[in-house]
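Okay, structure first, notes after.
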Amino acid sequence: MDQKKLRKPFQDEDRKLFKSPRYGEADFRRSDTWRVLRILGEFVEGFDTLAPLGPTISIFGSARLERETELYRQVEEMAAGLARAGFAVISGGGPGVMEAANKGCHEAGGRSVGCNIELPFEQDANEYQDISLKFRYFFVRKLMFVKYSMGFIICPGGMGTLDELMNAVTLAQTGKIEQFPIVLFGRDHWAGLIAWLRDSVLQTGFISPVDMDLFQMADDPEEAVSMIVDACRRFGYLPNDEKK
52 MDQKKLRKPF
62 QDEDRKLFKS
72 PRYGEADFRR
82 SDTWRVLRIL
92 GEFVEGFDTL
102 APLGPTISIF
112 GSARLERETE
122 LYRQVEEMAA
132 GLARAGFAVI
142 SGGGPGVMEA
152 ANKGCHEAGG
162 RSVGCNIELP
172 FEQDANEYQD
182 ISLKFRYFFV
192 RKLMFVKYSM
202 GFIICPGGMG
212 TLDELMNAVT
222 LAQTGKIEQF
232 PIVLFGRDHW
242 AGLIAWLRDS
252 VLQTGFISPV
262 DMDLFQMADD
272 PEEAVSMIVD
282 ACRRFGYLPN
292 DEKK
């Protein structure tokens, strides 16, 4: 992929929001004030659309994953297993892992949700979304993932996936959210990060031993689904069909 193309300035709403005002820009405060209303509109639409979902699991991972790979098939299988267990599935709505998650859930008869984002590359919406939302602002989208999910499965991915993982772990560590299962799928992919956390961050005292228990790891789709179901049952977050 052309790295110059990836770094080309993209004038989306996040970029406009984070732009610092230049001295003497008299209209800056007016533009940001109106931007707050647009942000509020995204919150309202997201809350109104996702609130009726019921028990939901978010699946994260790379947009660059090819369809012909074993990991793509495994993500489909995981999402299908979650759907059969009574969960809706939320992804970022794009290609790669996100598409596999939406496809597996949709084809298994579950409710497949995509929280899409405007990006300069990689973020064409996939066709397997029963509910599709489009966000302009990353922070609004990230809040929707956390608010309406009862667990996360984090598949191999890049910077965005790491951001989503650390956001969830930090909120759990600090007690900002009720504890829910966080499953890292693919031990080989995550081994280096786990070793660094254990051998460097933990050893220096920057995290506590209990923080290493905030997530689990799995290599098998069925194992990952079982971890989610068992943890949700333990925390009292049961799918609708298990409450009857």
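Quick note: the sequence shown, position 6, residue 57 per this note's numbering, numbers continuous.
All C-beta atoms, glycine included, are put in the ideal place defined by N, C-alpha and C.
1. Assign Lys-185 to one of three DSSP states: helix, strand, or coil.
2. In the structure shown, what three-state DSSP assignment does Leu-116 receive?
3. Report all residues from its chain with a CB closer than 6 Å to the CB of Phe-231; omit the five preceding and five following residues, and keep chain order.
4. For Leu-170, name the three-state secondary structure that DSSP assigns.
5. In angstroms, rounded to a whole number, what distance separates the CA positions of Gly-165 and Ala-134?
6. How many whole angstroms separate the CB atoms of Ala-114 and Pro-146, which I take to be in contact at a CB cut-off of 8 Å?
7. Can you round the beta-carbon distance between Ile-204 and Ile-108 to whole angstroms, since I take them to be within the 8 Å contact cut?
8. By DSSP, does Met-139 sit in helix, in strand, or in coil?
9. Using the Cα positions of Ala-159 and Val-276, report the straight-line distance between them to the nearest angstrom.
10. Tell me which same chain residues have a C-beta within less than 7 Å of the C-beta of Tyr-74, skipping the five on either side of it?
11. Distance, Cα to Cα, Asp-181 vs Ser-251?
12. Using three-state DSSP, classify Met-149 as helix, strand or coil.
13. Cβ of Gly-112 within 8 Å of Cβ of Thr-255?
14. Restricting to Cα atoms, I'd like to know which of Gly-161, Arg-162, Tyr-188 is closest to Leu-170.
15. Grouping DSSP H, G and I as helix and E and B as strand, with all else coil, what is Gln-125?
16. Between the C-alpha atoms of Pro-272 and Arg-124, what's the straight-line distance to the nearest angstrom?
17. Can you tell which of Gly-209, Leu-194, Tyr-179 has its C-alpha closest to the C-alpha of Ile-228?
18. For the beta strand (DSSP E) holding Ala-269, just list the boundary residues, first then last.
19. Nearest-angstrom Cα distance between Ile-233 and Ala-151?
20. Identify, in the order they occur along the chain, each residue of the same chain with its Cβ nearer than 7 Å to the Cβ of Ser-163, setting aside the five sequence neighbours on each side.
21. Going by beta-carbon coordinates alone, are Met-268 and Arg-249 separated by less than 8 Å?
22. Is Gly-211 helix, strand or coil when you go by DSSP?
23. Give me the Cα-Cα distance between Met-263 and Val-126, rounded to the nearest whole angstrom.
24. Taking the alpha helix (DSSP H) that Ile-279 falls in, what are its first and last residues?
25. Going by C-alpha to C-alpha distance, which of Thr-100, Trp-85, Gly-161 sits closest to Pro-290?
26. In terms of alpha-carbon separation, which member of Ser-183, Trp-241, Cys-206, Asp-281 lies closest to Leu-104?
Let's see:
1. For the purposes of this step, residue 185 is taken as the residue at position 134 of the sequence shown. The answer is strand: DSSP assigns Lys-185 an E or B state.
2. On the sequence shown, residue 116 is found 65 positions in, with the first residue counted as 1. Three-state DSSP puts Leu-116 in coil, outside helix and strand.
3. Numbered from 1 along the sequence shown, position 180 holds the residue referred to as residue 231. Contacts found: Met-201, Gly-202.
4. As a first step, residue 170 must be located in the sequence shown, where it is residue number 119. DSSP places Leu-170 in coil when its eight states are reduced to three.
5. Working through the sequence shown from its first residue, we reach residue 165 at position 114. Working through the sequence shown from its first residue, we reach residue 134 at position 83. The straight-line gap from Cα to Cα measures roughly 15 Å.
6. Locating residue 114 in the sequence shown gives position 63, counting from the first residue. Locating residue 146 in the sequence shown gives position 95, counting from the first residue. Ala-114 to Pro-146, Cβ: 5 Å. Contact.
7. Your numbering for residue 204 matches position 153 in the sequence shown. Your numbering for residue 108 matches position 57 in the sequence shown. 6 Å between Cβ atoms; contact.
8. Your numbering for residue 139 matches position 88 in the sequence shown. Position check: residue 139 holds Ala in this sequence, whereas Met was assumed. DSSP places Ala-139 in strand when its eight states are reduced to three.
9. The residue labelled residue 159 in the question sits at position 108 within the sequence shown. The residue labelled residue 276 in the question sits at position 225 within the sequence shown. Answer to the nearest angstrom: the Cα atoms are 14 Å apart.
10. Position 23 of the sequence shown, counting from 1, holds the residue named residue 74. Reliability fails at Tyr-74, whose pLDDT of 49 lies under 50, so the model's placement of it is uncertain and the value that follows must be treated cautiously. Cβ neighbours of Tyr-74 beyond the five flanking positions: none.
11. Sequence index remark: in the sequence shown, residue 181 carries index 130 (1-based). Sequence index remark: in the sequence shown, residue 251 carries index 200 (1-based). Taking the straight line joining both Cα atoms gives about 43 Å.
12. On the sequence shown, position 98 is the one that residue 149 refers to. Note: Met-149 maps to helix in three-state DSSP.
13. As a first step, residue 112 is located in the sequence shown; it is residue number 61 there, counting from the start. As a first step, residue 255 is located in the sequence shown; it is residue number 204 there, counting from the start. Against a cut-off of 8 Å, the Cβ pair of Thr-255 and Gly-112 comes out as no contact.
14. The count along the sequence shown starts at 1 and reaches residue 170 at position 119. Out of Gly-161, Arg-162, Tyr-188, Tyr-188 has the C-alpha closest to the C-alpha of Leu-170.
15. The sequence position of residue 125 within the sequence shown is 74, counting from 1. Correct three-state label for Gln-125: helix.
16. Translated into the one-based positions of the sequence shown, residue 272 becomes position 221. Translated into the one-based positions of the sequence shown, residue 124 becomes position 73. Each residue's alpha carbon lies about 9 Å from the other.
17. If you number the sequence shown from 1, residue 228 lands on position 177. Closest by alpha carbon: Leu-194.
18. For the purposes of this step, residue 269 is taken as residue 218 along the sequence shown, with counting starting at 1. Its beta strand (DSSP E) spans residues 267-269.
19. What you label residue 233 is simply residue 182 of the sequence shown in a count that begins at 1. What you label residue 151 is simply residue 100 of the sequence shown in a count that begins at 1. Cα-Cα distance, rounded: 19 Å.
20. Counting from 1 along the sequence shown, the entry for residue 163 is found at position 112. For Ser-163, where only same-chain residues beyond five positions count, the Cβ hits under 7 Å are Val-140, Asn-153, Cys-156, His-157, Tyr-179, Gln-180, Asp-181.
21. Taking the first residue of the sequence shown as position 1, residue 268 is located at position 217. Taking the first residue of the sequence shown as position 1, residue 249 is located at position 198. No.
22. In the sequence shown, residue 211 corresponds to position 160, counting from 1. Of the three classes helix, strand and coil, the one that applies to Gly-211 here is helix, per DSSP.
23. Residue mapping note: residue 263 aligns to position 212 of the sequence shown, counting from 1. Residue mapping note: residue 126 aligns to position 75 of the sequence shown, counting from 1. Their backbone Cα atoms lie some 24 Å apart in a straight line.
24. Start at 1 with the first residue of the sequence shown, and residue 279 comes out as number 228. Run containing Ile-279: 272-286, per the alpha helix (DSSP H) assignment.
25. Here residue 290 is taken as the residue at index 239 of the sequence shown, counted from 1. That would be Gly-161, whose Cα lies nearest to the Cα of Pro-290.
26. Your numbering for residue 104 matches position 53 in the sequence shown. Out of Ser-183, Trp-241, Cys-206, Asp-281, Ser-183 has the C-alpha closest to the C-alpha of Leu-104.
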